[in-house]
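K.L.:
If you scroll down you'll find the structure; I have some questions about it.
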Amino acid sequence: MNIKKEIGKRILEARKAKGLTLKALGELAGGLKQTRLTNWEQGVRTPGPEEIKLLAQTLDVSPAYLMCLSDEKQFKETINPSRLIPLLDYQQACEAKLHTDKINEKDANTEVVFISVSSMLLPELSDDAFALKMMDASMSPEIRVNDVLVVDPDIIPRPGSFVVALLENNKEVLIRKYKQLSASKANEEYELVALNHDWADIHVGPKEIQGRIIGSGVSLIRGLRE
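Here the sequence shown is numbered in numbering that gives the first Met the number 0, starting from 0 and rising by one per residue.
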């Protein structure tokens, strides 16, 4: 058995089982270059111990399986399960369910970037969940530029929740804090609050600006480096 070829085959099969492109796998595994991944999958080179750990963690298989030291895949779902959700842009998030359905059905026309989230920390995350990167300082200091918000459209916002909202005639969503102004479901009124006082709050209601909530924020992902 050619050990390099067999390791490459297992990496390729595990990547395809997760529905990842080479680019997506590289990003999720800490910025590995596509050329290196291609060389590994083709059996030209063999990843080192640290790289094997990164790949195994991302692909939810054991390092021993990737290194051909065991035939047991030992998927991590029983210990530290994770799942991938798509990172949408602000225009895609306007029709979030449309895009997540296409992605789940492998029918998306563009390459999709995925974010890995822990199913242990977020056990009830719906199939329509997505991620959205904060692009401005309107929610500073609680949500900073480049923070990633995990959003679930199936969760009804509570007073004080972070939400993704779409205002009438707008082509991009915004991230704000939800302030309930009326308990009436027929004539719902709420305020979209910007935590940065340099940004205006927005009153949404029947006689005010029209809008709708796309989803509620359930988790925040932040890098350690600015």
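The C-beta atom is built at its ideal place from N, Cα and C for all residues, glycine as well.
Tell me whether G210 sits in a helix, a strand or coil according to DSSP, three-state version.
P.N.:
The residue labelled residue 210 in the question sits at position 211 within the sequence shown. The answer is strand: DSSP assigns G210 an E or B state.
K.L.:
Apart from the five residues just before and just after Q91, which ones in its own chain have a Cβ nearer than 8 Å to its Cβ?
P.N.:
On the sequence shown, residue 91 is found 92 positions in, with the first residue counted as 1. Cβ within range, chain order: H98.
K.L.:
Could you tell me how far apart the beta carbons of S181 and E190 are, in whole angstroms, since I believe they sit closer than 8 Å?
P.N.:
By one-based count along the sequence shown, residue 181 stands at place 182. By one-based count along the sequence shown, residue 190 stands at place 191. Rounded, the Cβ-Cβ distance is 10 Å, inconsistent with contact.
K.L.:
I need the straight-line Cα distance from D153 to I212, nearest angstrom please.
P.N.:
As a first step, residue 153 is located in the sequence shown; it is residue number 154 there, counting from the start. As a first step, residue 212 is located in the sequence shown; it is residue number 213 there, counting from the start. Straight-line Cα distance between these residues: approximately 11 Å.
K.L.:
Mind checking whether D100 and S125 have CB atoms under 8 Å apart?
P.N.:
Locating residue 100 in the sequence shown gives position 101, counting from the first residue. Locating residue 125 in the sequence shown gives position 126, counting from the first residue. Not a contact, by the Cβ cut-off of 8 Å.
K.L.:
Hey, how far is the Cα of E71 from the Cα of L83?
P.N.:
Position 72 of the sequence shown holds residue 71. Position 84 of the sequence shown holds residue 83. Distance between the alpha carbons of E71 and L83: 23 Å.
K.L.:
By DSSP, does I2 sit in helix, in strand, or in coil?
P.N.:
Position 3 of the sequence shown, counted from the start, is the residue given in the question as residue 2. I2 falls in the helix class under three-state DSSP.
K.L.:
In the structure shown, what three-state DSSP assignment does K178 receive?
P.N.:
What you label residue 178 is simply residue 179 of the sequence shown in a count that begins at 1. It is a strand residue.
K.L.:
Look at the alpha carbon of G222 and the alpha carbon of A28, and state the distance between them as a whole number of angstroms.
P.N.:
Position 223 of the sequence shown, counting from 1, holds the residue named residue 222. Position 29 of the sequence shown, counting from 1, holds the residue named residue 28. C-alpha separation (whole angstroms): 15 Å.
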